[in-house]
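Chains as they are written, first to last, in this note's numbering: chain W, 1 to 219; chain G, 1 to 194. We put the CB at the ideal spot given by N, CA and C, even for glycine. All values derive from a computational prediction rather than experimental measurement. Data first, discussion second: the structure below is written as structure tokens.
Okay, structure coming up:
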């Protein structure tokens with residue numbers, strides 16, 4: 001899954017004349033410049049693998065381009081792209097190949113690297129360390145959420161999407177989206193309330209215990 | 001006290017008896033609420049936050065942690081993307097309006113260039129040959145025809161002859177020339193015997 005050299009994108013302007021209706025994706029360069037960082041960020045946080053995230057980002061734009069005639073503009077282009085990315089990520093994680101590569105991949109995201117990316121904002125060294133620990137704790141906890149809870153949590157708190165938008169992206173009813181989001185938050189909150197028992201780097205947190213506690217709390 | 005707010009086991013350990021806190025759902029509502037979302041339940045939860053420092057502090061702390069998570073994830077992803085090679089997108093093949101006449105002129109020139117050899121060929125085949133050239137050509141043709149006819153006549157004569165030319169000597173032994181030849185050959189053989 002290495003990515004060396006330049007990334008070629010297939011020719012895009014050949015069939016442009018066949019489309020009767022103009023779509024925002026006709027200007028692919030502009031669409032990529034606007035939405036690539038967002039799609040990549042979401043896929044990176046979902047898959048936690050840099051190469052896989054980039055591959056699927058490319059695939060997202062390729063699929064979007066191929067199906068641009070079916071984009072009815074009943075939602076924003078960003079929402080449509082994220083929906084495609086989510087479906088791709090779901091398909092990708094279902095395959096046995098993904099599980100294999102996850103085990104042997106050298107491009108897996110290191111929690112410490114993410115935590116080190118916290119902007120300092122004139123914090124003291126101690127406050128910065130605490131902030132990094134908090135980020136590492138949340139990052140590790142999110143990894144242990146169910147796939148659906150994780151997606152919805154990331155869409156809400158990383159992509160800052162509104163609940164109805166998340167319902168559009170996931171194709172779930174509003175109530176179901178809220179329910180998954182509250183459960184995810186309960187797990188995150190439980191981890192956040194007891195930072196001393198935060199999971200060690202790159203290891204699974206006591207997710208089962210926390211999830212049970214959170215579920216009981218909600219019930 | 002509001003009836004919607006319930007005691008939470010985790011928080012109530014250190015809280016005074018009878019004090020109520022936000023439920024998990026209310027906490028989630030407050031965390032995930034959108035700007036335009038508002039309802040009686042949310043208003044109640046917000047009213048609770050005004051009086052309960054513990055819930056307010058916990059909510060603020062979790063919000064800050066999630067905000068840090070977002071900032072760190074975004075920064076990390078942006079840096080990672082910057083490190084990756086840029087995609088090469090094909091250039092759009094649209095001609096500007098000013099180039100359209102030039103395009104047609106070039107197309108016409110190419111058409112004419114392709115047509116020129118055909119015209120030359122056509123002209124060459126249709127052109128009548130010069131008089132001198134034609135007489136020479138016709139005399140050559142006549143000569144060929146005459147030689148062909150002579151050859152054919154020879155062949156016919158050979159075929160129609162009763163005895164082929166090569167067997168002519170055997171056909172008539174009384175022929176003088178043949179007899180002289182035979183005598184000469186007999187004399188030569190007698191001389192060898194002597």
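For a test of the three-state rule: what should DSSP assign to residue i, helix, strand or coil?
i             : result
residue 49/W  : strand
residue 65/G  : helix
residue 121/W : coil
residue 197/W : With a pLDDT of 48 at residue 197/W, under the threshold of 50, the modelled position of that residue is not reliable, and the figure given next carries that caveat. Note: residue 197/W maps to helix in three-state DSSP.
residue 161/G : coil
residue 108/W : strand
Assuming residue i is part of the alpha helix (DSSP H), what are its boundary residues?
i             : result
residue 164/W : 163 to 170
residue 31/G  : 24 to 32
residue 153/W : 147 to 157
residue 91/W  : 77 to 94
residue 40/G  : 40 to 51
Contact criterion: CB-CB distance below 8 Å. Does residue i meet it with respect to chain G?
i             : result
residue 140/W : no
residue 28/W  : yes
residue 151/W : no
residue 197/W : Unreliable placement is indicated for residue 197/W, whose pLDDT of 48 sits below 50; no coordinate value is reported for it.
residue 54/W  : yes
residue 59/W  : no
residue 182/W : yes
residue 108/W : no
residue 124/W : no
residue 131/W : yes
residue 221/W : There is no way to answer for residue 221/W, as the model of chain W reaches only from 1 to 219.
Assuming contact is defined by CB atoms lying nearer than 8 Å, are residue i and residue j in contact in what I supplied?
i             : j             : result
residue 60/W  : residue 147/W : no
residue 47/G  : residue 156/W : no
residue 46/W  : residue 154/W : yes
residue 58/W  : residue 137/W : no
residue 169/W : residue 68/W  : no
residue 177/W : residue 163/W : yes
residue 57/G  : residue 22/G  : no
residue 118/W : residue 102/G : no
residue 128/W : residue 141/W : no
residue 69/G  : residue 135/W : yes
residue 149/W : residue 183/W : yes
With a threshold of 8 Å between beta carbons, is residue i in contact with chain W?
i             : result
residue 104/G : no
residue 107/G : no
residue 60/G  : no
residue 49/G  : no
residue 71/G  : yes
residue 198/G : Any answer about residue 198/G is impossible in this case: the structure gives chain G only from 1 up to 194.
residue 20/G  : no
residue 53/G  : no
My understanding is that residue i touches residue j, with C-beta atoms under 8 Å, so please give their C-beta distance in whole angstroms.
i             : j            : result
residue 64/W  : residue 81/W : 6 Å
residue 197/G : residue 37/W : Past the boundaries of the shown model lies residue 197/G; chain G is included only from 1 to 194, so the question cannot be answered.
Is residue i near the ligand NAD, with its Cβ less than 7 Å from a heavy atom?
i             : result
residue 139/W : As presented, the structure is devoid of all ligands, the ligand NAD included, so that no description of it is given.
Near-chain A residues of the segment 61 to 83 of chain W (beta-carbon distance less than 8 Å), N- to C-terminal order: Of the chains in the structure shown, none is chain A; the protein chains are W and G.
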